[in-house]
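Residue numbers for the sequence shown follow the numbering used here, so the first one is 57 and each next one is one higher. What follows is one structure encoded as structure tokens, with my remarks underneath.
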Amino acid sequence: MTEHVLTRRDGAVRWLIFNKPEKHNALSLEMNEAALKIIEAFAAAPDERVLVVAGAGGKAFVSGADISEFEDRRSNAEKADEYGRLTQRMFFALRDVEKPTIAMIQGYCLGGGVALATCCDIRIGAEASVYGIPAARLGIGYSADFIKLLADLVGPSCAKEFLYTARRYSPAEAYHMGLLNRVVPTAGLEDYVAEYAATMAANAPLTQRATKIVVSELLADPDREGARGRKAVADCANSEDFRDARRAFMEKRKPVFHGR
Ligand code: COA
């Protein structure tokens, strides 16, 4: 573990916080590895329902990959492939975890910071936040997986514009193109996200899991119902949670969900 990635638990909500404010939370391989462990532990914990990903220090979510590692770790195609393999494990663990995830974004969200945010299900940005992918200023090629995550949110044309221009986008622009779900006042961001996450954490985990699997299957192939999604929907119908919640409704009490 490293002090540059922090984690805490708040009820059923797990927080993952990138913590290198002196570098605007630029993501090193060591931080990547530490974050992967936290995501894997969250995935395996039945009583943890929602993950919030954030940056420490107030000035940045994540300012991209740590460029100081590039000379050594990313200087040609072969090294770039290896670097990609190492970093993708964390990004894809975040993308694929079968529970809701939220990116809470304040300050700079650049390059790999945008990639990280697109791996989350929901993005909530502060009024004081900035978005951009400076890859074209560094000569970096973005691989299919990340372009797809971005294009699925903002569409192919905005994804190309993002990468062609390497320019910075305001939260209002990011919201209108579909990158952000909502923009909230900076001072209230953390409270807003904590409450939002807690609300989701109190809902039925199997419904959320089925939703996530079905959406990802439809994005992979809009014309085909996937077997995992079908099974996840059936799991909801057969669950104790569904049985108890329909009784709770009839008895006018609040259901408590257990994810089974
Ligand atoms: N990788 C490595 N170091 C980074 C970094 C990154 N992605 N982003 C910021 N830093 C470092 C800076 O080099 C600087 O280090 P120093 O204090 O040793 O000089 C420190 O963080 C503070 O950054 P600085 O540039 O002085 O702050 P700023 O407020 O003027 O600008 C940014 C902030 C984020 C706009 C600017 O740092 C930047 O453009 N970073 C690179 C973003 C990028 O290209 N990301 C994509 C990488 S693929």
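Beta carbons: idealized from backbone N, C-alpha and C, even for Gly.
Taking the beta carbon of Ala100 as the centre, do at least 16 other beta carbons fall within 10 Å, making it buried, or is it exposed?
exposed
Using the beta-carbon count (16 or more within 10 Å), is Ala293 buried or exposed?
Ala293 counts as exposed, since fewer than 16 other beta carbons sit within 10 angstroms of its beta carbon.
Does the distance between the C-beta of Pro337 and the nearest non-hydrogen atom of the ligand COA fall short of 7 Å?
Because residue 337 is not part of the residues shown, which for the chain are 57 to 316, the question remains open.
At what residue ranges does the stretch 183-221 contain a whole run of the alpha helix (DSSP H), taking only runs of 4 or more?
191-194, 200-210, 212-221
Following a CB-centred definition, is Glu86 positioned closer than 7 Å to any heavy atom of the ligand COA?
no
Within this structure, are the beta carbons of Ala192 and Cys176 separated by less than 8 Å?
Using a Cβ distance threshold of 8 Å, Ala192 and Cys176 do not count as a contacting pair.
Which residue's Cα is closest to the Cα of Ile180: Ala222, Gly234, Leu83?
The shortest C-alpha separation from Ile180 is found at Gly234.
Among Ala260, Ala110, Phe148, Ala97, whose alpha-carbon lies nearest the alpha-carbon of Asn81?
Out of Ala260, Ala110, Phe148, Ala97, Ala110 has the C-alpha closest to the C-alpha of Asn81.
With the cut-off set at 8 Å, would you say Leu85 and Leu166 are in Cβ contact?
no
Could you tell me whether the Cβ of Ile94 comes closer than 8 Å to any Cβ of chain D?
The structure shown contains no chain D, having only a single protein chain.
Under the three-state reduction of DSSP, which class applies to Cys176: helix, strand or coil?
coil
What three-state label does DSSP hand Gly169 in the structure shown?
Residue state, collapsed to three classes: helix.
Does the beta-carbon of Thr58 have 16 or more other beta-carbons within 10 angstroms, so that it is buried, or is it exposed?
exposed
Which same chain residues end up closer than 8 Å to Lys155 when comparing Cβ atoms and leaving out the 5 residues on each side of it in sequence?
Apart from the 5 residues on each side of it in sequence, Lys155 sits with its Cβ closer than 8 Å to the Cβ of Phe98, Ala99, Glu104, Arg105, Val106, Leu107, Pro261, Gln264, Arg265, Lys268 in its chain, given in chain order.
Buried or exposed: Arg302, going by 16 or more other Cβ atoms within 10 Å of its Cβ?
exposed
For the ligand COA, is there a heavy atom less than 7 Å away from the beta-carbon of Glu217?
no
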